[in-house]
Amino acid sequence: MRRALIAGLVLACVANAWGGDDGRTEWDVNLGLQARAFAHEGLAGQSRVQPSVSVELEYFRSWDQDRQRLTVTPFLRLDAEDSRRSHFDLREAYWSRIGSDWELHIGARRVFWGVTEFKHLVDVVNQTDLVENVDGEDKLGQPMVHLSLVRDWGIVDLMLLAGFRERTFPGRDGRLRRALPGKGSAATYASHAEEFPIDTVVRWSHAAGPLEWGIYHFSGTSRQPLLFPQVNGRGEGYLRPHYPTIDQTGLEAQALFGDWAWKLEAISNSGFDGRYNAFNIGFERTLVGFGGTRSDLGIVAEYMHDGRDERAFDTLFEHDLAVGTRWSLNDAADTQALLGVIWDVETDEYIFSIEGSRRLGSDWTLELEGRLFGGASLPDRNALLESLFDPTNKSASLQRDDYLQLELKRFF
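Residues in the sequence shown are numbered from 28 upward in steps of one, following the working numbering.
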């Protein structure tokens, strides 16, 4: 990452030199003050309060009549409790060349794919920044060469992903983790190239009438690791990540009919001890002007299935129902809220979540987040290791991690 940062700074200097007077430069700064409050002390005795601060900068430069662009986005978080969560990442540092029917991007980028609300099966390009949030939505920057070709029959994306980003894990003092902490520095790989592979992605996306879809194939090192319990020289347990080599074909599709949106994500994956299939399917109904007001209310329902059943190590739920509601007040403060629950129909484990945000004036935003975990047996500290191998009690290590989080952000 240090070399990537240096490369980004060099690119910024070159961009300014090339840009001349016809260029456009923008700087954005986002400062965040975050506080998490947990209902209980952690299973391993972790603190109930977890404060942190973050800063994210975005530098954008365009020139050559907007045909060339440079984006650099560094991110830093400092956490008072978990040293692993104190981390720096270069989220993005890439140069773009825009043609009439093509785009070329070179550097570290974040690419998101997916249409469903509660889980994104097809989002395969970037590694998860797990110390940021347990929901997997935050991603690390991925070095790549990305060519997009725009045609009448759709958009073709060709990607070479250069190098591998290891997943981040909360430390021993961190919350929202498994019974044992993951240790990224101990990672092993199925690929002989280890952390320096060249992965490939080909994707075709198109839209026709009310239907939008994207189909891709990924070949390379899985972003999702297998985790193996180990013991260090001090007698402390940890989880060693192992990253298999996979081939994964994915489909995302969405059909829009008035106030209804029907959604599907599906994958077929080989590399985790054989081939398996998984899918998410559901809908969202938007009630515009709900109750005679200017607010909108969305109703979301989804079903998630994983063909590995109890062998699905990388998800808490493999046969789940999820329902939720999205509320947008449509006011000047852009007030929004999302409530949802995911329920495993076989084990009765569940996660209830709430997210909300509201602008405070033109430069401030207040965000609320909370999760409640239930339905699993609560192990004592002496039974933590056993809970790692119980497929009917996957969320056991999270049962004392119910929390509320407030984050105040200042934008410059």
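Backbone N, C-alpha and C define an ideal beta-carbon position, used for all residues, glycine too. From a predicted model like this one, the values you see are computed outputs, not experimental measurements.
Contact annotation: Leu207 and Pro256 have beta-carbon atoms nearer than 8 Å.
Taking one beta carbon from each stretch, the region 110-125 and the region 153-170 have 3 or more pairs nearer than 8 Å; the two touch. Under DSSP, the beta-bridge partners assigned to Trp289 are Ala282 and Phe310. Beta-bridge annotation (DSSP): Lys166 is paired with Thr155. Spanning the alpha carbons of Thr374 and Ser424 requires a straight line of approximately 15 Å.
For Leu203, no beta strand (DSSP E) encloses it, and the DSSP letter there is neither H nor E. The C-beta of Trp54 has fewer than 16 other C-beta atoms within 10 Å across all chains shown, which makes the residue exposed. Cβ atoms of Thr352 and Ile326 come within 8 Å of each other, at about 6 Å. With distances taken between CA atoms, Ile133 lies nearest to Trp122 out of Trp122, Gln432, Gly241 and Lys166.
Per DSSP, the continuous beta strand (DSSP E) segment holding Ser81 begins and ends at Val76 to Trp90. For Gly401, the beta-bridge partners assigned by DSSP are Tyr377.
By the Cβ rule, the region 185-204 counts as touching the region 216-234, because three or more pairs are nearer than 8 Å. Within the model, the alpha-carbon separation for Phe379 versus Asp333 is close to 21 Å.
Put simply, the backbone Cα of Arg250 is about 16 Å away from that of Ala135. When only Cα atoms are considered, Ile273 and Met331 end up about 21 Å apart. Judged by DSSP secondary structure, Gly241 falls within the beta strand (DSSP E) whose first and last residues are Leu238 to Thr248. When the alpha-carbon of Leu433 is set against those of Glu239, Ala62, Arg118 and Ser127, the nearest one is in Ala62. When C-beta atoms of the region 139-148 are compared with those of the region 302-309, three or more pairs fall below 8 Å, so the two segments count as touching. Judged by their CB atoms, Gly277 and Ala288 are not nearer to each other than the 8 Å cut-off. The shortest C-alpha to C-alpha distance from Gly247 to any of Pro271, Gly260 and Asp165 is the one to Pro271. DSSP, read as helix, strand or coil, puts Ala64 in strand. Judged by DSSP in its simplified three-state form, Leu148 adopts coil rather than helix or strand. For the region 330-397, the full-length beta strand (DSSP E) segments reaching 3 residues or more read 346-355, 363-371 and 377-387 along the chain. In summary, Thr100 is buried, with 16 or more beta-carbon neighbours lying within 10 Å of its beta-carbon over all protein chains present. Per DSSP, reduced to three states, the secondary structure at Ala423 is helical. Nearest to Glu263 by alpha-carbon distance, out of Arg137, Trp231 and Gly209, is Gly209.
By alpha-carbon distance to Asp128, the top candidate from Trp240, Phe317 and Ser175 is Ser175. Closest in alpha carbon position to Gly50, among Gln95, Arg75 and Asp358, is Gln95.
Partner residues in the beta bridge of Trp231, as assigned by DSSP, are Val183 and Ile242.
Sequence-distant Cβ neighbours of Ala282 in its own chain, meaning closer than 7 Å and more than five residues away, are Pro237, Leu238 and Trp289. The beta carbon of Phe317 is closer than 7 Å to those of Asp323 and Leu324 in its chain, skipping five residues each way along the sequence. Judged by DSSP in its simplified three-state form, Ser123 adopts strand. Membership of Asp106 in the beta strand (DSSP E) is indicated by the continuous run Gln95 to Asp106. In the same chain as Asp116, and ignoring 5 residues on each side of it, the C-beta atoms closer than 6 Å to its own belong to Phe102 and Leu167, in chain order. Assignment of beta-bridge partners to Lys210 by DSSP yields no partner.
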